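Line order of the protein sequences matches chains E and B. When you line the first sequence up against our numbering, it's residues 26 to 374, in that order. When you line the second sequence up against our numbering, it's residues 26 to 374, in that order. What follows is a set of notes on a single structure, which appears directly below.
Protein chains: 2
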Amino acid sequence: MGKERVTVIDIAHAAGVSKSTVSLVLQASPLVNEVTRAKVNAVIRDLGYVYNRGAANLRQSNSKSKIIGIVVNDLTNSFFAELAVGVDMVVQSAGYVQFLANTAESVDRQREVIASMREHGISGLILSPARGTDAADLKPLVASGIPVVNVVRQVAGAKVSSLVSDNHAGMRDAVRHLAGLGHHRIAFLGGFPDTAVFNERLQGYRDALSDMDLALHDELVVSSAPSRAGGVAAIERALLLRERPTAAVCFNDAVAFGVCDGLRAHRLDPGEDFAVIGFDDVIEAQTAVPALTTISVDPQGMGRRAAQLLLKQINAGRADAEAIVSSVRLVVRQSCGAAIDKRERLSLL
Amino acid sequence: MGKERVTVIDIAHAAGVSKSTVSLVLQASPLVNEVTRAKVNAVIRDLGYVYNRGAANLRQSNSKSKIIGIVVNDLTNSFFAELAVGVDMVVQSAGYVQFLANTAESVDRQREVIASMREHGISGLILSPARGTDAADLKPLVASGIPVVNVVRQVAGAKVSSLVSDNHAGMRDAVRHLAGLGHHRIAFLGGFPDTAVFNERLQGYRDALSDMDLALHDELVVSSAPSRAGGVAAIERALLLRERPTAAVCFNDAVAFGVCDGLRAHRLDPGEDFAVIGFDDVIEAQTAVPALTTISVDPQGMGRRAAQLLLKQINAGRADAEAIVSSVRLVVRQSCGAAIDKRERLSLL
DNA sequence: TGACAAAATTGGAACGTTCCAATTATTTTG
DNA sequence: CAAAATAATTGGAACGTTCCAATTTTGTCA
Chain E
26 MGKERVTVID IAHAAGVSKS TVSLVLQASP LVNEVTRAKV NAVIRDLGYV YNRGAANLRQ
86 SNSKSKIIGI VVNDLTNSFF AELAVGVDMV VQSAGYVQFL ANTAESVDRQ REVIASMREH
146 GISGLILSPA RGTDAADLKP LVASGIPVVN VVRQVAGAKV SSLVSDNHAG MRDAVRHLAG
206 LGHHRIAFLG GFPDTAVFNE RLQGYRDALS DMDLALHDEL VVSSAPSRAG GVAAIERALL
266 LRERPTAAVC FNDAVAFGVC DGLRAHRLDP GEDFAVIGFD DVIEAQTAVP ALTTISVDPQ
326 GMGRRAAQLL LKQINAGRAD AEAIVSSVRL VVRQSCGAAI DKRERLSLL
Chain B
26 MGKERVTVID IAHAAGVSKS TVSLVLQASP LVNEVTRAKV NAVIRDLGYV YNRGAANLRQ
86 SNSKSKIIGI VVNDLTNSFF AELAVGVDMV VQSAGYVQFL ANTAESVDRQ REVIASMREH
146 GISGLILSPA RGTDAADLKP LVASGIPVVN VVRQVAGAKV SSLVSDNHAG MRDAVRHLAG
206 LGHHRIAFLG GFPDTAVFNE RLQGYRDALS DMDLALHDEL VVSSAPSRAG GVAAIERALL
266 LRERPTAAVC FNDAVAFGVC DGLRAHRLDP GEDFAVIGFD DVIEAQTAVP ALTTISVDPQ
326 GMGRRAAQLL LKQINAGRAD AEAIVSSVRL VVRQSCGAAI DKRERLSLL
């Protein structure tokens with residue numbers, strides 16, 4: 026059963042009107058009489074009609090396909106999962122549906138999935154570019170007039186909008202906070218050094234050190250994969266130094282969690298014996314023990330904003346590149362030694 | 026620039042062949058001469074042609090749309106994120122692209138997104154049904170002949186394939202292991218009691234207790250949201266009991282991590298003072314401290330298998346429901362007191 | 001070379017919708 | 001009540017592809 030597809034023509038026949046009228050009803054056009062509308066809608070329900078957007082898109086402009094694409098480099102990272110959820114929330118309620126693809130940092134996969142999405146007629150794309158993406162990769166897309174919003178990372182020279190967090194200020198605030206707590210040897214742990222994000226954060230770290238009149242020791246900058254495992258590896262190496270750091274700012278929360286794991290493996294208590302600050306404020310950051318002090322970027326909110334920006338551009342028809350830097354704030358929890366702070370405050374009473 | 030869309034007809038003109046030939050080339054048909062093929066392909070590249078799958082789908086059967094849908098209830102949960110990544114891997118390499126939607130356990134959202142995906146002509150659907158989904162919700166989908174694979178949860182009475190893990194055996198093994206370590210008061214923490222998964226796991230817990238001649242105390246079963254926060258709440262309540270448990274099996278890893286957090290908040294050391302076992306073997310389970318003993322279900326592998334099953338059904342044209350129960354194994358790490366175990370073993374030497 | 005088979009190419013209808021211009025039905029107005 | 005204005009409906013072309021049947025080209029063989 027349910028063999029033959031029900032089309033607008035079947036509806037028209039059953040309702041005793043023309044296919045044009047049915048089409049008008051489908052588009053909720055004000056031109057059609059209330060009673061016909063009701064009749065047609067009833068038939069639509071009865072026959073179990075399913076609108077064929079493919080056919081509609083053929084006739085309409087591509088920008089009305091009601092599909093957007095989102096491609097991220099690591100969905101396993103909660104940051105991106107939450108970003109995707111944020112995007113999903115707003116596109117879903119705008120009646121859109123999203124293609125989601127994971128590139129695992131492969132530019133080849135990225136090229137393939139973007140091509141594939143284009144064939145399917147996406148109206149817009151939210152892209153967290155894989156490492157090594159360059160402007161040329163996005164060229165054909167933007168030339169065809171499809172709005173693109175880059176998130177998290179920018180790609181130099183690409184004429185597309187972007188939404189990134191204020192990496193410099195965030196890291197600067199983190200380091201200042203640690204310096205304010207009396208730390209002198211503060212490490213910068215995790216992240217791949219060939220990314221813009223890494224360099225922005227690193228610059229924030231450097232600037233803060235010089236602001237606070239602290240010396241910059243290159244060996245305290247330890248790069249690694251931006252993952253939990255990478256964090257373990259980074260703290261391992263940092264603890265091997267003759268002069269150990271007493272605190273660390275981490276490339277992201279995943280790294281920070283790994284650093285906490287690594288510290289425990291060395292019988293050090295994160296938050297007590299060593300201060301740790303993350304970046305992102307992933308959902309687990311608040312419930313973890315110790316709760317993670319981190320730079321809150323609100324990934325879900327970022328997803329929502331990116332989606333809103335994209336939808337705005339889709340509706341406007343024209344996409345003039347706008348670069349938004351999302352501000353960021355330090356959330357102080359236990360992992361940076363707030364407990365010590367509190368103890369001191371209590372002793373003052 | 027790039028205003029007008031390049032079509033198969035433009036290619037035909039430029040290459041001096043007919044549109045039919047171009048179409049044949051696009052489908053890599055063996056009917057076309059090598060030299061024409063090369064010529065056409067060259068023109069395709071030069072003009073920056075983009076295949077219009079929408080148009081093609083209009084002419085072909087819906088099962089060739091090269092789109093599958095995947096709807097999950099909580100992408101923020103790493104389990105589902107990994108599942109999605111697994112699905113993504115196999116569909117991507119099969120040349121498919123996936124619609125991904127998050128329902129946040131809302132049947133209404135679920136209904137909407139499934140309808141929307143259907144309008145876009147998905148060839149198949151992987152669904153982790155929201156709580157409260159019933160067979161009627163899936164009726165129209167399956168009636169239209171679109172293969173559906175339910176993952177994680179089944180929906181009673183729906184004639185669709187399913188891929189679930191062996192919840193009963195997994196929980197049974199977990200409890201037996203704890204009992205084997207000498208625990209008598211073992212709690213079952215977390216999860217919503219109105220789900221099939223919960224009940225299967227609970228049954229495994231009960232059966233294991235009776236196998237091991239342990240008494241079943243109802244107050245040791247504490248339900249909660251299946252999240253980290255839920256875990257904190259559950260252990261809080263369990264620790265309030267006059268006779269405290271000494272170990273717990275948890276509904277999933279998220280709950281287990283929450284339980285560890287909650288224990289620490291009470292100055293109890295998970296793995297030393299209290300044994301904890303999770304369910305899922307999420308990626309963090311191995312790197313967390315203490316590393317989490319858990320029932321490994323390999324979410325990514327599950328995603329891959331679900332995708333393979335779905336693609337098989339799409340290609341077969343006919344989807345006869347098959348129910349696969351994925352076997353599961355206990356992975357012993359630190360959180361259940363393996364360390365104690367080891368200590369004992371060492372003392373025997 | 002002529003006849004036939006095989007290989008390669010092709011025109012046109014079809015898919016399910018939208019949109020335009022045209023038509024018909026209804027209401028308002030002088 | 002006729003004419004004009006407005007409201008509602010409609011047929012048909014178009015969108016970019018595939019597929020079928022038909023045609024043309026090329027190759028083979030006696």
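Cβ coordinates follow ideal geometry from the N, Cα and C atoms, glycine included. Only a predicted model underlies this, so the values are computations on that prediction, with no experimental measurement involved.
Taken through DSSP and simplified to helix, strand or coil, serine 249 of chain B comes out as strand. Judged by DSSP secondary structure, glutamine 85 of chain E falls outside any alpha helix (DSSP H); it is assigned neither H nor E. As computed with DSSP, leucine 108 of chain E is found in no beta bridge at all.
Within the region 89–100 of chain E, contact with chain B at the beta-carbon level (separation under 9 Å) is assigned to Ser90, Lys91, Ile92, Gly94, Ile95, Asp99, Leu100. Contact residues of the region 312–329 of chain B toward chain E are Thr312, Ala313, Val314 (C-beta to C-beta distance below 8 Å). Not a single C-beta of chain E is nearer than 7 Å to the C-beta of leucine 188 of chain B. Within the region 154–167 of chain B, those residues whose Cβ lies closer than 8 Å to any Cβ of chain E are, in chain order, Pro165. Contacts with chain E at 7 Å (Cβ-Cβ) do not include glycine 255 of chain B. Glutamine 338 of chain B is positioned such that its CB atom lies no closer than 7 Å to that of glycine 111 of chain B. The Cβ-Cβ distance between threonine 319 of chain B and aspartate 286 of chain E does not fall below 7 Å. Residues of the same chain with a CB within less than 8 Å of the CB of alanine 181 of chain E, apart from the 5 flanking positions on each side, are Asp159, Ala160, Ala221 in chain order.
At a cut-off of 7 Å between C-beta atoms, glutamate 225 of chain E does not count as an interface residue with respect to chain B.
Counting the other CB atoms within 10 Å of its CB gives isoleucine 36 of chain B a total of 16 or more, which places it among the buried residues. Here arginine 354 of chain E carries a strand assignment [DSSP, helix/strand/coil]. The residue among B:Ile308, B:Ser141, B:Phe299 with its C-alpha nearest the C-alpha of valine 75 of chain E is B:Ser141. At a cut-off of 7 Å between beta carbons, glutamate 144 of chain E contacts chain B. Taken through DSSP and simplified to helix, strand or coil, glycine 287 of chain B comes out as helix. Contacts with chain E at 7 Å (Cβ-Cβ) do not include tyrosine 74 of chain B. Judged by beta-carbon spacing, arginine 289 of chain B lies within the 7 Å limit of valine 314 of chain E, meaning their Cβ atoms are closer than that value. Comparing alpha-carbon positions, the option among E:Pro218, E:Cys275, E:Ser43, E:Asp198 lying closest to methionine 237 of chain E turns out to be E:Asp198. For leucine 188 of chain E, the enclosing beta strand (DSSP E) starts and ends at 186–190. Residue environment analysis places isoleucine 34 of chain B among the exposed positions, since fewer than 16 neighbouring C-beta atoms fall within 10 angstroms of its C-beta. Interface with chain B (7 Å Cβ-Cβ cutoff): valine 110 of chain E is included. DSSP links cysteine 275 of chain B through a beta bridge to B:Leu214.
Threonine 32 of chain E has its alpha-carbon roughly 18 Å from the corresponding atom of threonine 61 of chain E. Proximity of chain B to glutamine 135 of chain E at the Cβ level (cut-off 7 Å) is not reached, the minimal Cβ distance being about 11 Å. Of the residues E:Glu297, E:Ser249, E:Leu266, the one whose Cα lies closest to the Cα of asparagine 277 of chain E is E:Ser249. Around glutamate 309 of chain B, the beta-carbon contacts reaching into chain E at under 8 Å are Arg253, Phe282. In the DSSP assignment, aspartate 345 of chain B falls outside any beta strand (DSSP E) and carries neither an H nor an E.
Of all C-beta pairs linking the region 242–262 of chain E to the region 171–180 of chain E, fewer than three are shorter than 8 Å, placing the two stretches out of contact. Judged by DSSP secondary structure, glycine 229 of chain B falls within the alpha helix (DSSP H) whose first and last residues are 221–236. When secondary structure is reduced to three states using DSSP, glutamine 117 of chain B falls in the helix class. The beta strand (DSSP E) runs lying completely inside the region 154–183 of chain B and spanning 3 residues or more are 173–176, given in chain order. For aspartate 286 of chain E, the chain B residues whose C-beta falls within less than 8 Å of its own C-beta are Thr312, Ala313, Val314, listed in chain order. With a threshold of 7 Å between beta carbons, alanine 106 of chain E makes contact with chain B. Counting the other Cβ atoms within 10 Å of the Cβ of alanine 212 of chain E gives 16 or more, which makes it buried.
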